[in-house]
Amino acid sequence: VCIDQATFELIVNSLLETSYKTTEVGNASLTAYNPPLEFLVKNGFEKEEDENVTKNYVMLEFKDTSSPLNSEEINSVYDPYVIIKNPQKRSMGTKLTYPAIKKLVENMNGAIWIDSKSSIGTTVNILIPTEKRAQVKQA
Numbered sequence: 489v490c491i492d493q494a495t496f497e498l499i500v501n502s503l504l505e506t507s508y509k510t511t512e513v514g515n516a517s518l519t520a521y522n523p524p525l526e527f528l529v530k531n532g533f534e535k536e537e538d539e540n541v542t543k544n545y546v547m548l549e550f551k552d553t554s555s556p557l558n559s560e561e562i563n564s565v566y567d568p569y570v571i572i573k574n575p576q577k578r579s580m581g582t583k584l585t586y587p588a589i590k591k592l593v594e595n596m597n598g599a600i601w602i603d604s605k606s607s608i609g610t611t612v613n614i615l616i617p618t619e620k621r622a623q624v625k626q627a
C-alpha cells in the first residue's frame, strides 16, 4: 500500500492529541477501515484500477464523547482566525491544528469533515486515497 507515512502519522497523532485535550470526561477513540464502495460512489469517490495499480481508500474516524460542536463551530474550526468559545469544551488545543490537518489531508487528495451530535460527541472523519501496486513478476 502506498501512502505518505510521515504525513499520515502526523495527522493521526495531531487528532488523537486534540481529542485527548478536548475530552475532559469520557473517552476518545480511533477507528480505521476500508469504506464500502457504495459510500465512495455516493460521496464522489471512486475506485480506479488498471493492470498495475488499484486505488483504495482508508477511512479514519476520531470519536470523542466531549461536548458537541454546534454548526457554527464546525464551520469555523478550519479558520485559524476564529476562536471557538465553548465553555463546556476544554481547550481546542492549538487553533492551527485543524487548519493544518485539513491542508495535510487535502495535499494527500483526501477529505475531512466533522459530525457532532449532543449526547454522542464529536467525530472527525478523514478519507485518504491509497494505492496498492501489483507485484511485478520477474523473469
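Residue numbers are given in the numbering used here: position 78 of the sequence shown equals residue 566, and the series is strictly consecutive.
By construction, the Cβ of each residue, glycine as well, lies at the ideal position given by its N, Cα and C atoms.
Counted within 10 angstroms of its Cβ, other Cβ atoms place residue i as buried (16 or more) or exposed
i: residue 524; result: exposed
i: residue 521; result: exposed
i: residue 598; result: buried
i: residue 496; result: buried
i: residue 518; result: exposed
i: residue 494; result: exposed
i: residue 600; result: buried
i: residue 579; result: In this prediction, residue 579 has a pLDDT of 47, which is less than 50 and means its spatial position is unreliable; what the coordinates show is noted afterwards. Per the 10 Å Cβ criterion, exposed.
i: residue 609; result: buried
i: residue 559; result: exposed
Residue of the options minimising C-alpha distance to residue i
i: residue 551; options: 503, 593, 568; result: 503
i: residue 596; options: 616, 610, 611; result: 616
i: residue 585; options: 505, 603, 554, 491; result: 505
i: residue 606; options: 587, 543, 530, 556; result: 556
i: residue 501; options: 618, 594, 547, 589; result: 589
Backbone secondary structure at residue i - three-state DSSP
i: residue 534; result: coil
i: residue 454; result: Outside the displayed span of the chain (489 to 627) sits residue 454, for which this structure offers no information.
i: residue 512; result: coil
i: residue 611; result: strand
i: residue 579; result: Note that residue 579 scores 47 on pLDDT, short of 50, meaning its location in the model is unreliable and no value can be drawn from it.
i: residue 506; result: helix
i: residue 517; result: strand
i: residue 564; result: helix
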